[in-house]
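Peer 1: Following this message is one structure expressed as structure tokens.
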Amino acid sequence: MNILVSACLLGVNCKYDQGNNFQERVARLKEKYHLIPVCPEIMGGLSTPRIPAEVCGKRVVMKDGTDVTCQFENGAKEAWKLAEMFDCRYAILKEKSPSCGNGQIYDGTFTKTLTHEDGVTAKFLKEHGICVLGEKDPSLESLLEKGNENETKDC
Numbered sequence: 525m526n527i528l529v530s531a532c533l534l535g536v537n538c539k540y541d542q543g544n545n546f547q548e549r550v551a552r553l554k555e556k557y558h559l560i561p562v563c564p565e566i567m568g569g570l571s572t573p574r575i576p577a578e579v580c581g582k583r584v585v586m587k588d589g590t591d592v593t594c595q596f597e598n599g600a601k602e603a604w605k606l607a608e609m610f611d612c613r614y615a616i617l618k619e620k621s622p623s624c625g626n627g628q629i630y631d632g633t634f635t636k637t638l639t640h641e642d643g644v645t646a647k648f649l650k651e652h653g654i655c656v657l658g659e660k661d662p663s664l665e666s667l668l669e670k671g672n673e674n675e676t677k678d679c
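Have a look at this one:
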């Protein structure tokens, strides 16, 4: 089974600050699954490093006020194209990210205040039938234990 994964969770330095969010428990999934790394922000045309961005209503805005909604939307579409190409039913995405956040993202005030919403890519993937999990989702343990023969989470 193929799983779409935020590239930063696999150690790729694609965060806004040129860092990554490596997660060993996500990387261990490569023992049983084929992982497809994606960074929707890079795929949408943004550079690394870049100014931090947050979802503000229906727009995505950088801290300096630059509107990057189109780049985020394009990145979401590109991530979905990969999911479709590789027949990914699952995506493991970086929690709280304006692209990848699943159920919680920062609220657009740049004060580290969380709101119960999805990032642009997480929302787009869900709308297209992909089961989205965050890197700390307890379902990851089931995926690690069971492997390819048994998909475990209903979305």
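Oh and the sequence shown: position 29 is 553 in the numbering used here, straight run, nothing missing.
We treat Cβ as the ideally placed atom computed from N, Cα and C, and that holds for glycine.
As the structure is a prediction and not an experimental result, all values here were calculated from the model.
In angstroms with no decimal places, state the Cα-to-Cα distance between Thr590 and Ser621.
Peer 2: Their Cα atoms are separated by approximately 17 Å.
Peer 1: In the structure shown, what three-state DSSP assignment does Thr637 receive?
Peer 2: Coil at Thr637, not helix or strand.
Peer 1: Just mark Gly569 as buried or exposed, buried being the case when its beta carbon has 16 or more other beta carbons within 10 Å.
Peer 2: Exposed: under 16 other Cβ atoms inside 10 Å.
Peer 1: To the nearest angstrom, how far is the alpha carbon of Glu565 from that of Glu669?
Peer 2: Cα to Cα, Glu565 sits roughly 31 Å from Glu669.
Peer 1: Would you check if there are 3 or more beta carbon pairs closer than 8 Å linking the stretch 642-651 to the stretch 592-607?
Peer 2: Taking 8 Å as the limit for Cβ pairs, the verdict is that the stretch 592-607 does touch the stretch 642-651.
Peer 1: Between which residues of its own chain and Arg552 is the CB-CB distance below 8 Å, once the five residues before and five after are set aside?
Peer 2: These residues qualify, in order along the chain: Leu668.
Peer 1: How many angstroms separate the CA atom of Ser571 from the CA atom of Leu606?
Peer 2: Their Cα atoms are separated by approximately 20 Å.
Peer 1: In chain order, what residues of the same chain have a beta carbon less than 7 Å from the beta carbon of Glu673, not counting five sequence neighbours either side?
Peer 2: The predicted model places Glu673 with a pLDDT of 48, which falls under 50 and marks its position as unreliable, so this point remains unresolved.
Peer 1: Can you list, in chain order, the residues of its chain with a C-beta nearer than 6 Å to that of Ala577? Leave out the 5 residues immediately preceding and following it.
Peer 2: Closer than 6 Å at the Cβ level, and outside the excluded window around Ala577, lie Val584, Met586, Val592, Pro622.
Peer 1: On the CB-based measure, 16 or more other CB atoms within 10 Å of its CB, does Met567 come out buried or exposed?
Peer 2: Classification for Met567: buried.
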